[in-house]
Structure formats: structure tokens, C-alpha cells
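Working notes, beginning with the structure itself.
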Amino acid sequence: MQLCHLLSAKSRTILRLRTISVRYRPYATKIKTDEYAIPLRPTWSVTELLSSYPKPAVSSKTLIRLHELAALVPPAEGTAEHVDLQKEISELVRLVEAVRLIDTQGVSVATRWDREDADKRHEIPEVGPQGQELLEHAARTHDGFYVVDTDRKRGVVAVEEAMSE
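Going letter by letter, the sequence shown gives residues 14 to 178 in our numbering.
If you want it as C-alpha cells, here you go:
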């Protein structure tokens, strides 16, 4: 069973309305900030936000099914562990539903690691001519080596000696 089906259509509508009312505040409040405009105290909390949403009830049947899917042994029904686990799962469902209500229309996915990890990519460069193939592009060669003219006397003598051999 999907988590989104745990909430009724009415509950989902209430969640959407509360999301809109939290997102658009008709008034502004004065918040104390430091010299960099960072608030001195948190302006909101996840717990506070989630407390405004209805709390879905996860049935014992759903809890047992989740345990089966995870290949776990569920706690005995009616025990304190069972009740605590139901509460925790309910809170997780509430969080997931709140996240799912966020309007992501028009938001594009941008990955930071495209730029940051460019040096870690192991892309194989396109292979061009290598080794002896490169000598085909040289103006002059001798016995598989490039011949380079230089202005230095020692270089000219060495080239002439190499060419005479």
C-alpha cells in the first residue's frame, strides 16, 4: 500500500490549503538579524511546520505489511513497542506527505557535481594519431626521429652529423 493512500482526499486538500497559507504570509514580522542579515534565532522548525498538518493513522495491518515487505518480524500487537512504532511511522508519513505537497512545477534539476567533480571524471579522450604515426606530419625526419633546425651551432653540427650517417 502506498503511503499517499493512507490520507483521505479531504486530508490531502487540508494539507494543500495549509501549505499555501504557510507559504504566503500577508504580513511581515520583524526578525532580529546579524550584520549579514542572518536571523539570530531559527524562524521556523520542521516540528512546528508538521504540527499544523493532520496526523495520518497507520493501521496495525499496514504496519505488519511493511514489516513483511522488509522481511522483518513485527512487534506483537498491543505492546508498547508496537504503539511507539505506529506513532513513528505516522510521523514519517506526515513528513512524506508534506514534502510531496511542495510545488515543483517549473523547477529544473541542477547537479552541483557536474562542475565540482569535473576533474574526477574518467572520460577517455578521443584517440588521435600516436607514436610513429605523428612522424607523417613532420617536414623532415631521419631514422624515425624529427629533424629540427636550430640557430645554435652545436645543434646544426649534430643535425648534419645525424643526416650524414
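C-beta atoms are modelled at their ideal positions from N, C-alpha and C, and glycine is treated no differently.
Arg107 is classed as buried because its beta carbon has at least 16 other beta carbons within 10 Å across all chains shown. DSSP, reduced to helix, strand and coil, places Thr60 within a helical segment of the structure shown. The Cβ atoms of Lys68 and Ser103 lie closer than 7 Å to each other. Beta-carbon to beta-carbon, Thr46 and Pro52 are separated by about 5 Å, close enough to satisfy the 8 Å threshold. Ranking Asp116, Thr154, Leu105, Thr117 by CA distance to the CA of Tyr66 puts Leu105 first. Inter-segment contact for the region 92-100 and the region 69-76 is present: three or more beta-carbon pairs are separated by less than 8 Å.
Of the candidates Thr154, Leu114, Val160, Leu114 places its Cα closest to the Cα of Leu63.
Taking the CA atoms as reference points, Asp162 sits about 13 Å from His155. Per the C-alpha coordinates, the member of Ala111, Asp116, Phe158, Val140 positioned closest to Thr60 is Ala111.
DSSP links Thr117 through a beta bridge to no other residue. Here Val71 has Leu19, Gln99, Ile102, Ser103, Val106 as same chain residues with Cβ atoms under 7 Å from its own Cβ, once five neighbours each way along the sequence are excluded. Taking C-beta atoms under 8 Å as the contact rule, Leu147 and Gly157 fail to qualify, at a distance of about 11 Å. Annotated three-state conformation of Thr46 is strand, per DSSP.
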